[in-house]
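Right, one structure below, let's go through it.
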Amino acid sequence: FYNAVCEASGINKGGEQELAKNTQVDTSRTIRVELDASLNGNMPWKFAPLQDVVEVHPGQLMQVEYKVVNDSDVPITGQAIPSYGPALAVKYFKKIECFCFSKQVLQPHESKLMPVLFVIDQSLPKDVRTITLSYTFFNLNPGAQAAGVNGSASNG
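Under the numbering used here, the first residue of the sequence shown is numbered 142, with each subsequent residue one higher.
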């Protein structure tokens, strides 16, 4: 189901795991990358970036981390789906390592730090100065939800 939704909507695409063709750093430009996190439905997790914003030069390798906590009493499997603003950024935002590449299983009350290693391709149009990278975590076993747990995103 997950793959069908992604294919039909065109999300979770964009050359993941591809390195930028030119790895020289363009120090004449700075791109503001805003990091966002949300949970789909009643997922009993907390999910947030450790930093809300990073500044990066095109061609510069950057690592950011997100924290996720399973607030339930049962194991939960989730899948993070990225989206980008502006939408054209998907062509230039090259993720080398990302928790979104695979399903994530968290045991009851387990927390994890999850890295994203990326580079912004130097061919990013010069008028793009800010990119928003947003992840939404989807519950892949929605029957495993703890009663009375608030599933909203949190910095907790």
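Quick reminder that beta carbons are idealized off the backbone N, C-alpha and C, glycines included.
- When DSSP states are grouped into helix, strand and coil, V195 belongs to the strand group.
- One Cα belongs to L202, the other to L265, and the distance between them is close to 15 Å.
- For K187, the three-state secondary structure derived from DSSP is strand.
- Per DSSP, the beta bridge partners of C239 are V257.
- In this structure, W186 and F278 form a Cβ contact; the two beta carbons are roughly 6 Å apart against a cut-off of 8 Å.
- The closest CA to that of E196, considering only P216, I261, N282, is found on I261.
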